[in-house]
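Everything on this sheet refers to the single structure shown next.
Protein chains: 2
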Amino acid sequence: MMQIERLAEGIRRREIPALARGISLVENGGDGFEKLLSALHEDLGRAHRIGLTGPPGAGKSTLVECLIRGYRKTGKTVGVIAVDPTSPFTGGALLGDRIRMESATSDPSVFVRSMATRGAGGGLSTTTREVCDLLDAFGFERILIETVGVGQSEIAIAATADTAVLVLVPESGDGVQVMKAGIMEIADIYVVNKADRPGAERVKKEIEIMLGIRRGQAYRHVAPHHRPQLVGPQGGQPAVPVRQDDSWEPPVILTSAVKGEGIESLLDALEKHREYLERGGELERRRRERIARLTREVVDRTLRQLVWSESDAEVHLASGLERVWRGERSPYEVASEIVAAVRKEIADGA
Amino acid sequence: MMQIERLAEGIRRREIPALARGISLVENGGDGFEKLLSALHEDLGRAHRIGLTGPPGAGKSTLVECLIRGYRKTGKTVGVIAVDPTSPFTGGALLGDRIRMESATSDPSVFVRSMATRGAGGGLSTTTREVCDLLDAFGFERILIETVGVGQSEIAIAATADTAVLVLVPESGDGVQVMKAGIMEIADIYVVNKADRPGAERVKKEIEIMLGIRRGQAYRHVAPHHRPQLVGPQGGQPAVPVRQDDSWEPPVILTSAVKGEGIESLLDALEKHREYLERGGELERRRRERIARLTREVVDRTLRQLVWSESDAEVHLASGLERVWRGERSPYEVASEIVAAVRKEIADGA
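One line per chain: the protein sequences are A and B, in this order.
In this text, residue positions in the first sequence follow the numbering used here: the first is 10, and each later residue adds one.
In this text, residue positions in the second sequence follow the numbering used here: the first is 10, and each later residue adds one.
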């Protein structure tokens with residue numbers, strides 16, 4: 010236990026070796042990993058967590074690299090988690106190395122980590138969230154979570170961030186329509202990367218049409234009394250349009266990460282979204298929702314651990330499956346028997 | 010209970026209304042849904058389950074449509090599950106309607122169903138697998154499972170099929186390298202659809218290089234004594250190369266679903282893969298593995314149900330979270346308290 014407390018203290022003191030050990034502990038679900046996370050809970054909430062997702066080949070890693078450079082220019086510290094066994098981060102390649110070389114100073118201002126495992130113990134999104142928590146407790150001001158893919162798991166991971174960015178390319182046009190009802194609607198910011206290629210403006214337009222934010226349709230889904238009022242400084246002549254309902258209209262940003270173009274706009278949009286989240290209490294709401302979800306998942310994980318590692322469930326499963334192969338039982342009957350046995354074990358052990 | 014038995018009987022008797030009701034029951038996790046699946050367990054194992062996954066806009070739905078037509082020509086019955094809230098199947102659109110119109114006969118030879126939910130109760134892959142089981146019990150000879158995306162969940166769903174097909178397009182070239190270590194390796198068959206567009210041959214080559222099956226590298230990963238022996242009919246002069254190890258070399262097939270090109274090759278590859286699976290005992294191995302996984306997941310699902318619906322866990326969670334907001338507890342401490350309370354409830358109730 011003492012060891013865990015020392016590890017927590019090391020992370021709070023911004024010691025990179027302690028952080029690295031903590032992450033490995035959490036990734037592997039090692040002894041005391043939940044104690045560590047529990048101890049660091051009070052240190053959370055300072056980082057802006059940004060999730061970037063999109064199809065393979067959309068240039069997310071290069072974009073992440075640009076964002077790191079941008080944040081470093083303004084003196085902000087950045088933690089990066091690449092959640093993807095297929096990422097070029099993995100195996101210490103490319104960006105990881107480059108950044109590490111640049112930041113090989115005593116000031117641990119940039120930290121890049123790829124999630125090699127697919128989530129030990131819990132789901133991948135839970136483990137990602139917990140590694141994020143370590144980076145947050147360490148004190149990184151911005152945390153970038155890069156995931157590859159546009160599937161359900163990636164949606165779940167994006168949902169653990171404060172701000173979700175969907176990265177597309179001009180060639181994504183065909184897909185935009187199909188993606189309408191899926192991952193598209195969870196993004197706070199859209200990026201069309203590789204925008205120097207033909208079709209970028211068209212995809213931007215398609216996304217905007219999908220979002221219903223093209224000129225003239227901007228307030229289609231907003232009730233009349235929620236429409237923006239034009240008010241001047243003294244309440245007289247209109248000066249700046251102010252959205253009274255303060256809702257967020259996801260921007261669509263064109264970038265060329267390779268050429269470093271559009272990065273300022275993206276950084277700007279990210280700050281604007283953070284301000285929006287903080288202003289309206291949305292940040293607090295999202296964080297509470299996330300903590301509630303995390304707590305449920307920790308309960309489920311603990312129970313799975315209890316059943317599959319600390320009870321005779323595996324033994325019952327093995328003999329039960331033999332009966333399934335012989336046609337004497339269905340998998341559901343075996344599952345019922347296992348649950349009954351586990352309940353009995355708990356009752357007997359209590 | 011009687012009602013569930015009648016439903017199972019209806020499905021066995023190939024009554025479409027019974028099938029539809031069964032699917033809804035399973036999707037919603039309604040009363041007795043596991044009893045239904047348990048009752049139908051002995052009727053499983055006749056269908057060839059084919060999973061098709063790939064990025065949005067790859068033309069999977071059109072490809073599925075082509076496969077249905079192909080199977081119908083040879084008199085085979087086909088069930089289709091579109092696992093995707095974003096699929097054009099959803100909302101009774103496109104393919105769903107077209108096919109339904111064609112097959113509006115007394116012979117229920119084609120059935121198309123989109124999975125509207127994201128998996129009630131269990132994970133999406135478990136629910137998909139269970140809906141598949143209903144189609145199998147009903148007697149469909151081929152079951153096509155269409156998922157959109159190339160993420161972890163889609164890998165999990167593909168893993169519930171006998172044969173996994175990854176559908177790419179010529180524009181996927183950029184992504185192939187990045188996808189190397191991920192979903193690429195789980196596919197049994199690769200399709201480059203929209204192959205009339207430029208770049209199709211290049212992507213095919215890239216996939217083949219990745220798989221190490223380009224000419225000259227074909228047996229790179231095969232130990233010398235496993236290499237194919239050339240044996241003649243009487244053991245004399247070599248006639249047909251026979252792979253002694255009988256391993257499967259995933260083919261890369263060019264198609265244009267819109268033009269109906271390459272479909273015969275795909276159908277042929279699917280049959281070949283099925284034969285391969287049956288010949289070497291691989292089918293049995295995959296099915297047993299799937300049943301073992303399913304049984305574990307049913308246990309986990311039952312326990313989650315037990316905890317979150319039949320115990321006071323929700324009450325403990327609500328008051329625990331209040332303490333988290335007040336800074337008195339970490340989410341992990343609350344989770345521990347909930348687990349302890351659940352254990353006590355089980356012990357008291359036993």
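A virtual CB, placed ideally from N, CA and C, is assigned to each residue, including glycine.
Contact with chain B by residue i, beta-carbon distance below 7 Å
| i | result |
| --- | --- |
| A/Ile-13 | no |
| A/Ser-320 | no |
| A/Glu-342 | yes |
| A/Thr-169 | no |
| A/Ala-356 | yes |
| A/Thr-311 | yes |
| A/Glu-150 | no |
| A/Arg-352 | yes |
| A/Thr-71 | no |
Buried versus exposed call for residue i [16 or more other C-beta atoms within 10 Å across all chains shown]
| i | result |
| --- | --- |
| A/Glu-215 | buried |
| A/Thr-136 | buried |
| A/Asp-321 | exposed |
| B/Ser-318 | exposed |
| B/Met-124 | buried |
| B/Lys-213 | buried |
| B/Asn-37 | exposed |
| A/Arg-211 | exposed |
| A/Ala-344 | buried |
| A/Ser-47 | buried |
| A/Ile-347 | buried |
| B/Gly-101 | Any answer about B/Gly-101 is weak, because its pLDDT of 37 lies below 50 and its placement is not dependable; what the coordinates show is given next. Burial call: exposed. |
| A/Pro-260 | buried |
| A/Val-174 | buried |
| B/Gly-358 | exposed |
| B/Ser-265 | buried |
| B/Thr-83 | exposed |
| B/Arg-297 | exposed |
| B/Gly-221 | exposed |
| A/Arg-310 | buried |
| A/Arg-288 | exposed |
Residue-chain proximity (residue i, chain A), Cβ-Cβ < 7 Å
| i | result |
| --- | --- |
| B/Val-201 | no |
| B/Val-307 | yes |
| B/Ile-347 | yes |
| B/Pro-64 | yes |
| B/Thr-137 | no |
| B/His-371 | For chain B, the structure presents residues 10 to 359; residue 371 of chain B sits outside this window and is missing. |
| B/Arg-332 | no |
| B/Ser-328 | no |
| B/Ala-301 | yes |
| B/Leu-34 | no |
| B/Leu-16 | no |
| B/Leu-46 | yes |
| B/Ser-123 | no |
| B/Thr-264 | no |
| B/Ser-134 | no |
Cβ-Cβ separation, residue j to residue i (assumed contact under 8 Å), whole Å
| i | j | result |
| --- | --- | --- |
| B/Phe-426 | B/Ala-56 | Here chain B has residues from 10 to 359 only, and residue 426 of chain B is not among them. |
| B/Glu-155 | B/Ala-196 | Their Cβ separation, rounded to whole angstroms, is 14 Å, which puts B/Glu-155 and B/Ala-196 out of contact at 8 Å. |
| A/Ser-118 | A/Ala-165 | Contact doesn't hold; Cβ gap of about 29 Å is too wide. |
| A/Leu-72 | A/Thr-172 | Incorrect: roughly 14 Å between the Cβ atoms, too far for contact. |
| B/Leu-143 | B/Leu-49 | 7 Å |
| A/Leu-53 | A/Ala-146 | 6 Å |
| B/Ala-204 | B/Leu-153 | With 8 Å as the limit, B/Ala-204 and B/Leu-153 do not qualify as a contact, their Cβ atoms being about 20 Å apart. |
| A/Val-87 | A/Arg-151 | 5 Å |
| B/Leu-312 | A/Val-316 | 6 Å |
| B/Leu-276 | B/Gly-60 | In fact, because the Cβ distance is near 16 Å, the residues do not count as touching under 8 Å. |
beta-carbon residue i near the ligand MN non-hydrogen atom, thresh 6 Å
| i | result |
| --- | --- |
| B/Leu-133 | Ligands displayed in this structure: none; no statement on the ligand MN is therefore possible. |
Pairs of beta-carbons, one from the segment 20-38 of chain A and one from the segment 325-342 of chain B, closer than 8 Å: are there three or more?
no
Runs of alpha helix (DSSP H) wholly within the segment 274-347 of chain A (minimum 4 residues, chain order):
291-319, 322-334
Touch test, the segment 33-42 of chain A against the segment 54-64 of chain A, Cβ-Cβ under 8 Å, three pairs minimum:
no
Check whether the segment 303-318 of chain A and the segment 266-277 of chain B touch, using three or more Cβ-Cβ pairs below 8 Å as the test.
no
Please confirm if the segment 336-348 of chain A is in contact with the segment 13-27 of chain B, defined as three or more CB-CB distances below 8 Å between the two stretches.
no
Can you confirm whether the segment 67-87 of chain B touches the segment 170-179 of chain B when touching is taken to mean that 3 or more C-beta pairs between the two stretches lie within less than 8 Å?
yes
Report the start-end ranges of each beta strand (DSSP E) in the segment 66-93 of chain A that is 3 residues or longer and not cut off at the edges.
87-92
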